[in-house]
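Trainee:
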Amino acid sequence: MRKLGLVGGTGPESTLMYYKELNARIDRMTEGTAMPELSIESVDFRKAWRMVETASYEELASYLSQKVNALKETGAEVIALTAVTMHMVFDAIEAKTGVRLCSIPAAVCREAKRRGYQRIGLLGTALTMEQSYMKKDFAAAGIEVVVPNEAEQALIAKRILTELEVGIVKESTLSEFNEVLLRMQKEHAIEAVVLGCTELPLLLSDERCVLPCLDSVAIHIDELIRLAGEEE
């Protein structure tokens, strides 16, 4: 199995999910005979988020590229970012490092296409809902992406940053998010929702959501395991 490398810390809660799930799933798959070799380069979340907020995208790409290069030096062969928002500089990181990263948007899009969805909702950070980096793969696949209205986007972004990013999960927030999704289903006929922030699975799941969930963490982990198991 090829060594995995994760750029983590954006935020810590989702990085923990990746680490625990990759070890648990591969252990089960191999019937208790193997766990993955795995390196994590954890960024300073506050530093990275300031770059996001100030639109310092070149600086952000350089900072994350340093982390990817450090993972290469550890021998990691399958490397990924563990945050959807950081995919805003995905292409720049690949260009700077020469590494073909395992993309969250591409993996989620393939799963949506496999399930036959034609119109989906997208929740995430403000930039994920506003910009194209999480939407362009879906557009190319002919899948329509619907985002919440402006007020709902502000609410969702606030709850992600002030609650989920620091591991706070509230039933009141779950109710708020489900109300947003019910409105989107009624007005736009969305068939499912993309959990387009890797902290959202802390709150939403198929069991707790009013719509089927495309869990970006679970889907991305499936893809990482597949790539790690490929022959060199």
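Using the working numbering, the first residue of the sequence shown is number 294, and each one after it goes up by one.
Note that the Cβ used here is the ideal one computed from N, Cα and C, for glycine as well.
Helix, strand or coil, according to DSSP, for glycine 325 in the structure here?
Mentor: Numbered from 1 along the sequence shown, position 32 holds the residue referred to as residue 325. In the structure shown, glycine 325 sits in coil (DSSP, three-state: anything other than H, G, I, E or B).
Trainee: For glutamate 334, which residues of its own chain have a beta-carbon under 6 Å away from its beta-carbon, when the five flanking residues on both sides are left out?
Mentor: Translated into the one-based positions of the sequence shown, residue 334 becomes position 41. The answer, listed in chain order, is Val300, Lys360, Ala363 and Leu364.
Trainee: Just grab the DSSP bridge partners of aspartate 508 for me.
Mentor: Reading the sequence shown from its first residue, position 215 is the one you call residue 508. Per DSSP, Leu488.
Trainee: Opposite valine 439 in the DSSP bridges: which residues?
Mentor: The residue given as residue 439 occupies position 146 in the sequence shown. Valine 439 is bridged by DSSP to Gly414.
Trainee: If you follow the alpha helix (DSSP H) that isoleucine 386 is in, where does it begin and where does it stop?
Mentor: Along the sequence shown, one-based indexing puts residue 386 at 93. Looking at the DSSP string, the run of the alpha helix (DSSP H) that includes isoleucine 386 is 383-390.
Trainee: State the DSSP-derived secondary structure class of leucine 374, mapped to helix, strand or coil.
Mentor: Residue numbering aside, residue 374 sits at position 81 when the sequence shown is read from its first letter. Three-state DSSP puts leucine 374 in a strand.
Trainee: Is the beta carbon of valine 510 less than 8 Å from the beta carbon of serine 307?
Mentor: For the purposes of this step, residue 510 is identified with residue 217 of the sequence shown, where counting begins at 1. For the purposes of this step, residue 307 is identified with residue 14 of the sequence shown, where counting begins at 1. A Cβ-Cβ contact shorter than 8 Å links valine 510 with serine 307.
Trainee: Kindly indicate the opening and closing residues of the beta strand (DSSP E) around isoleucine 333.
Mentor: Working through the sequence shown from its first residue, we reach residue 333 at position 40. In this chain, the beta strand (DSSP E) harbouring isoleucine 333 covers 331-335.
Trainee: How long is the line joining the alpha carbons of lysine 296 and valine 439, rounded to whole angstroms?
Mentor: Numbered from its first residue, the sequence shown carries residue 296 at position 3. Numbered from its first residue, the sequence shown carries residue 439 at position 146. Each residue's alpha carbon lies about 36 Å from the other.
Trainee: Measure the Cβ-Cβ separation of leucine 496 and threonine 466 and say whether it is below 8 Å.
Mentor: Taking the first residue of the sequence shown as position 1, residue 496 is located at position 203. Taking the first residue of the sequence shown as position 1, residue 466 is located at position 173. Against a cut-off of 8 Å, the Cβ pair of threonine 466 and leucine 496 comes out as a contact.
Trainee: How do the region 471-490 and the region 408-416 stand: do at least 3 beta-carbon pairs fall below 8 Å, yes or no?
Mentor: yes
Trainee: In whole angstroms, what separates the C-alpha of alanine 327 from that of alanine 434?
Mentor: Within the sequence shown, the letter at position 34 stands for residue 327. Within the sequence shown, the letter at position 141 stands for residue 434. Cα to Cα, the separation comes out at about 36 Å.
Trainee: For glutamate 352 and valine 377, what's the separation of their Cα atoms in angstroms?
Mentor: As a working note, residue 352 is residue 59 in the sequence shown. As a working note, residue 377 is residue 84 in the sequence shown. Each residue's alpha carbon lies about 18 Å from the other.
Trainee: Would you mind stating whether leucine 315 and isoleucine 514 have Cβ atoms separated by less than 8 Å?
Mentor: As a first step, residue 315 is located in the sequence shown; it is residue number 22 there, counting from the start. As a first step, residue 514 is located in the sequence shown; it is residue number 221 there, counting from the start. Closer than 8 Å, so yes.
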